[in-house]
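Beneath this line is the structure, given in structure tokens, with notes to follow.
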Amino acid sequence: MTTNRPLRVFLCHSSNDKPAVRELYQKLRAEPWIEPWLDEEELYPGQDWNMEIEKAVEAADAIIVCLSKGSLTKEGYIQQE
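So this is what it looks like as structure tokens:
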């Protein structure tokens, strides 16, 4: 079965890794067949960000988990995602 919509990709990461993930986001966004989701691009003030992130994860076709030494030892939302 084929679809005419872009591949939805959720980028899971620690805030410490934001610079590298921003670069990955820009590279993915340059591909017309990929629709990446990055929190700072998709979340707006006043939104329930827990709910929006959950919806984005559920709607994703693929999830890229970006791990670094810092994200492995950090406790927070990355483990929940």
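The numbers in our numbering rise by one with no breaks, and the one at position 77 of the sequence shown is 112. We put the CB at the ideal spot given by N, CA and C, even for glycine.
What residue from F45, V92, N39 and K104 has the CA that sits closest to R64's CA? In the sequence shown, residue 64 corresponds to position 29, counting from 1. Here the closest residue by C-alpha is F45.
Best match in R57, R43, Q82 and L42 for proximity to C101 [C-alpha to C-alpha]: Stepping through the sequence shown from its first residue, residue 101 is reached at position 66. If we check each option's Cα against that of C101, R57 comes out closest.
Sequence-distant residues of its chain with Cβ nearer than 6 Å to E116 (five each side left out): In the sequence shown, counting from the first residue as 1, residue 116 sits at position 81. Confidence at E116 is low in this model, with a pLDDT of 49, below 50, so the placement of that residue is unreliable and no value is reported for it.
Cβ neighbour criterion (16 or more within 10 Å) applied to A55: In the sequence shown, residue 55 corresponds to position 20, counting from 1. Exposed, by the Cβ-count rule.
Got a sec? Which residues, its chain only, sit under 8 Å from E87 by beta carbon, not counting five neighbours each side? What you label residue 87 is simply residue 52 of the sequence shown in a count that begins at 1. Excluding positions up to five away in sequence, the list reads E77 and L78.
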